[in-house]
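*Asks:* Residue numbers (this note's numbering): 828 to 902. All C-beta atoms, glycine included, are put in the ideal place defined by N, C-alpha and C.
#1: Would you report the Cα separation of residue 872 and residue 887, rounded to the nearest angstrom?
#2: At what residues does the beta strand (DSSP E) containing residue 857 begin and finish?
#3: Assign residue 852 to buried or exposed, taking buried as 16 or more other Cβ atoms, counted over all protein chains shown, within 10 Å of its Cβ.
#4: If you drop the 5 nearest sequence neighbours on each side, which residues of the same chain put their C-beta closer than 7 Å to that of residue 908?
#5: Along the chain, where does the beta strand (DSSP E) that runs through residue 833 open and close?
#6: How many Å lie between residue 831 and residue 846 at the Cα?
#7: How is residue 844 classed by DSSP in three states: helix, strand or coil?
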(Lines of atoms letter the chains of each structure in order from A and count residues from 1; the text may use other names and numbers.)
(Lines give C-alpha, C1' and ligand atoms only; values in the text may rest on other atoms or scores of the structure.)
Protein backbone atom coordinates (compact mmCIF):
# COMPACT_ATOMS: atom_id res chain seq x y z
CA UNK A 1 0.00 0.00 0.00
CA UNK A 2 1.29 3.49 -0.82
CA UNK A 3 -0.03 6.93 -0.02
CA UNK A 4 1.58 10.31 -0.64
CA UNK A 5 4.77 8.54 -1.73
CA UNK A 6 5.02 6.60 1.56
CA UNK A 7 5.11 2.83 1.33
CA UNK A 8 3.30 0.96 4.09
CA UNK A 9 4.48 -2.58 4.78
CA UNK A 10 2.41 -5.28 6.42
CA UNK A 11 3.89 -7.43 9.18
CA UNK A 12 5.23 -10.10 6.81
CA UNK A 13 6.86 -7.53 4.55
CA UNK A 14 8.33 -5.60 7.50
CA UNK A 15 9.67 -8.80 9.06
CA UNK A 16 11.32 -9.77 5.77
CA UNK A 17 12.77 -6.26 5.45
CA UNK A 18 14.36 -6.61 8.91
CA UNK A 19 15.36 -10.26 8.52
CA UNK A 20 13.01 -11.36 11.31
CA UNK A 21 10.12 -13.78 11.44
CA UNK A 22 6.63 -12.23 11.42
CA UNK A 23 5.98 -13.91 14.77
CA UNK A 24 9.02 -12.19 16.32
CA UNK A 25 7.79 -8.84 15.03
CA UNK A 26 4.34 -9.61 16.50
CA UNK A 27 5.90 -10.35 19.90
CA UNK A 28 7.95 -7.15 19.81
CA UNK A 29 4.80 -5.17 19.01
CA UNK A 30 2.86 -6.73 21.91
CA UNK A 31 5.74 -6.04 24.33
CA UNK A 32 6.23 -2.50 22.99
CA UNK A 33 9.86 -3.16 22.08
CA UNK A 34 9.44 -3.26 18.31
CA UNK A 35 9.41 -0.56 15.67
CA UNK A 36 6.74 2.12 15.59
CA UNK A 37 3.69 1.00 13.63
CA UNK A 38 0.39 2.33 12.36
CA UNK A 39 -3.09 0.86 12.77
CA UNK A 40 -5.63 1.25 9.98
CA UNK A 41 -8.71 -0.40 11.43
CA UNK A 42 -7.47 -3.88 12.29
CA UNK A 43 -4.49 -3.69 9.95
CA UNK A 44 -0.96 -3.08 11.21
CA UNK A 45 1.40 -1.26 8.87
CA UNK A 46 5.01 -0.12 9.09
CA UNK A 47 6.84 2.72 7.34
CA UNK A 48 10.32 1.82 6.09
CA UNK A 49 11.86 4.93 7.70
CA UNK A 50 10.55 3.76 11.10
CA UNK A 51 12.01 0.29 10.53
CA UNK A 52 15.38 1.84 9.67
CA UNK A 53 15.30 4.06 12.77
CA UNK A 54 14.45 1.09 14.99
CA UNK A 55 17.24 -1.00 13.47
CA UNK A 56 19.75 1.86 13.75
CA UNK A 57 18.97 2.22 17.47
CA UNK A 58 20.12 -1.38 17.93
CA UNK A 59 23.65 -0.91 16.55
CA UNK A 60 26.30 -2.20 18.92
CA UNK A 61 30.09 -2.46 18.92
CA UNK A 62 30.27 -5.62 21.05
CA UNK A 63 28.13 -8.04 22.99
CA UNK A 64 28.79 -6.06 26.18
CA UNK A 65 27.77 -2.72 24.60
CA UNK A 66 24.62 -1.44 26.29
CA UNK A 67 23.96 0.94 23.41
CA UNK A 68 26.06 3.84 24.66
CA UNK A 69 29.34 3.06 22.89
CA UNK A 70 28.17 4.55 19.61
CA UNK A 71 26.72 7.71 21.13
CA UNK A 72 27.95 10.53 18.97
CA UNK A 73 29.60 8.15 16.51
CA UNK A 74 28.92 8.72 12.85
CA UNK A 75 27.94 5.96 10.51
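*Replies:* So, from the data block:
#1: Between residue 872 and residue 887, the C-alpha separation is close to 27 Å.
#2: Where residue 857 is concerned, there is no enclosing beta strand (DSSP E), although the alpha helix (DSSP H) it sits in stretches over 849-858.
#3: Burial call: buried.
#4: The structure shown does not extend to residue 908, since the chain is modelled only from 828 to 902, so the question has no answer here.
#5: Taken as a continuous stretch (DSSP letters only), the beta strand (DSSP E) holding residue 833 covers 833-836.
#6: Cα to Cα, the separation comes out at about 26 Å.
#7: Helix.
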